[in-house]
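Chemist: Numbering (the working numbering), first residue to last: 1 to 349. C-beta atoms are modelled at their ideal positions from N, C-alpha and C, and glycine is treated no differently.
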Amino acid sequence: MRGEYKVFGGKLVAVDVEVESGRLAKVSVSGDFFLEPDDALEDINAALTGMPADASVEQLAGAITGALDPQVKLIGFDADSVGVAVRRALGKATGWDDHTFDVIPATVLRPVEHVALDEVIAREVAAGTRPPTLRFWDWDSPLVVIGSFQSYRNEIDAEGAAKYGIDVVRRISGGGAMFMEPGNCITYSLVVPTSMVEGLSFERSYAFLDEWVMGALAEVGINAHYVPLNDIASDKGKIAGAAQKRFADGAVLHHVTMAYDIDADKMLEVLRIGREKMSDKGTKSANKRVDPMRSQTGLPREQILETFTRSFLARYRSELSSYTDDELTEARRLVEEKFGTQEWTHRVP
1 MRGEYKVFGG KLVAVDVEVE SGRLAKVSVS GDFFLEPDDA LEDINAALTG
51 MPADASVEQL AGAITGALDP QVKLIGFDAD SVGVAVRRAL GKATGWDDHT
101 FDVIPATVLR PVEHVALDEV IAREVAAGTR PPTLRFWDWD SPLVVIGSFQ
151 SYRNEIDAEG AAKYGIDVVR RISGGGAMFM EPGNCITYSL VVPTSMVEGL
201 SFERSYAFLD EWVMGALAEV GINAHYVPLN DIASDKGKIA GAAQKRFADG
251 AVLHHVTMAY DIDADKMLEV LRIGREKMSD KGTKSANKRV DPMRSQTGLP
301 REQILETFTR SFLARYRSEL SSYTDDELTE ARRLVEEKFG TQEWTHRVP
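(1) Run through DSSP, which three-state label would LYS284 get?
(2) Could you tell me which of ARG294, ALA14, SER30 sits nearest to VAL220, measuring between CA atoms?
(3) Do GLY83 and ALA61 have their C-beta atoms closer together than 8 Å?
(4) When the Cα atoms are used, what is the spatial distance from ALA127 to ASP249?
(5) Rounded to whole angstroms, what is the Cα-Cα separation between ARG317 and VAL19?
(6) Please return the same chain residues whose Cβ sits closer than 7 Å to the Cβ of PHE149, not counting the five positions on each side in sequence.
(7) Considering Cα atoms alone, identify which of PRO193, GLU198, ALA224 is closest to VAL252.
(8) Could you check whether the segment 98-112 touches the segment 69-84, counting it as contact only if at least three pairs of C-beta atoms, one from each stretch, sit closer than 8 Å?
(9) Taking the runs of the alpha helix (DSSP H) that are 4 residues or longer, which of them lie wholly in the segment 230-283?
(10) Going by CA-CA distance only, name the one from TYR164, ALA161, MET180 that's closest to THR257.
(11) What are the start and end residues of the alpha helix (DSSP H) that includes LYS163?
(12) Check whether the segment 89-100 touches the segment 4-19, counting contact only when three or more Cβ pairs, one atom from each stretch, lie closer than 8 Å.
(13) Excluding the five sequence neighbours on either side, which residues of its own chain have a C-beta within less than 6 Å of the C-beta of VAL15, listed in chain order?
(14) In whole angstroms, what separates the C-alpha of ILE222 from that of ALA67?
Below, the structure is given as structure tokens:
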């Protein structure tokens, strides 16, 4: 059995392994990483040999770390990455190539329905009734989406929101507020089985699940990189923020919002925390806009969405899909019973 794991920003780790009587046997670690001294590779193989076949990434990494002399240098990889490769070899963890993805192009819905669809799609992926799914948002009305743990009164200026007719909804993942008017940002949600982030820390999983979008950004002329924990930036500054939720029943929701062309003055009237965040960017005068995707690409938003969709389809085994009537019906039910209620929106006052 063979498993591979490509370290984000690092090297490829591969493991060939057999299982005998419930334990790892004939372990052989390889890859394009660097290791000093060379013979430490034998120590890594020996540390893994005899480990239980159901050992976790943490247990496998601990065995490796405990067996290596403190002077050993692992360059371009670490003990955790070897553990992930072992788990993939055993079929306990999966990668991009182990799945076929549904891709749903940008579809215009009420933004609160997109928030509800995050929960609907995650339930289906966890249950195996829908494959891993990448879906792009589009919406027909303004909304602020606050993170699951944000305080409503600390984030939202009620007078500003009322002035511009902007509603507020709380999503199921953490992170910061999303100021969403039609056409002002690019948002997508990716829902995958938990097996895809097996053994990955939250920090690593953010980078891992956005590997594809770095290539897509390059296609529209942006040289992007990840800034831990959850930001994507170019040499001109931050262009996107990510949020994530892991469901106990076996799915991970990962979504990203990129600023395309945001009216900063309006945003600062609606978001209280936004004033503090924008103050260190020098955005104080009237008529300022936050437009990294527009100014850095020079492309219409629709063209960027099309490029992102095409890039994902070309990179992974995937096919175009759409929402089912049942999914939309369930999302609207959740809007009525949860996401559209005062109880949910103000659950953190």
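Modeler: For this structure:
(1) Reliability of the predicted coordinates at LYS284 is poor, the pLDDT of 46 falling under 50, and no value is obtained from them.
(2) Among ARG294, ALA14, SER30, the Cα nearest to that of VAL220 is on ARG294.
(3) yes
(4) 8 Å
(5) 29 Å
(6) GLY174, VAL348
(7) PRO193
(8) no
(9) 264-270, 272-279
(10) MET180
(11) 158-163
(12) At 8 Å Cβ cutoff, the stretches touch.
(13) GLY3, VAL29, ALA85, VAL86, ALA89
(14) Rounded to the nearest angstrom, the two C-alpha atoms are 43 Å apart.
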